[in-house]
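Numbering (my numbering), first residue to last: 339 to 437.
Using N, Cα and C, we set each Cβ at its ideal position, and we do this for glycine too.
Below is one structure, written out as structure tokens; comments come after it.
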């Protein structure tokens with residue numbers, strides 16, 4: 339299983355059901371050293387994580403199968419990069435952030 343820290347759309351139950359066919363219950367955590375900004379993709383507004391010292395993002399850690407992570411990779415488009423981070427809890431997780 340892979341851990342993914344989510345802070346926006348991927349934490350939405352309706353999005354999870356549509357993409358994965360199931361609800362993924364998350365555990366609250368914090369991503370330090372990043373801020374959440376708005377970005378426009380195909381005419382819609384989404385959040386994106388960008389590095390910024392002294393800032394943090396509250397979110398959820400989801401446990402996903404590798405094939406589910408690949409589905410999320412395709413959903414997030416090239417506007418995002420998937421990177422490994424260490425969260426406030428000291429857990430390692432993937433995040434989608436600015437390239």
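| Query | Result |
| --- | --- |
| As assigned by DSSP and simplified to three states, the class of residue 355 | helix |
| Terminal residues of the alpha helix (DSSP H) in which residue 367 lies | First-last for residue 367: 365-379, but that is the beta strand (DSSP E), not the alpha helix (DSSP H). |
| Secondary structure of residue 433, DSSP reduced to three states | strand |
| Any 3 or more C-beta pairs closer than 8 Å across the region 405-420 and the region 351-359 | yes |
| Segment limits, alpha helix (DSSP H) that includes residue 411 | 404-414 |
| Candidates 339, 382 and 429, of which the one nearest residue 366 by Cα | 429 |
| Best match in 347, 420, 416 and 373 for proximity to residue 383 [C-alpha to C-alpha] | 347 |
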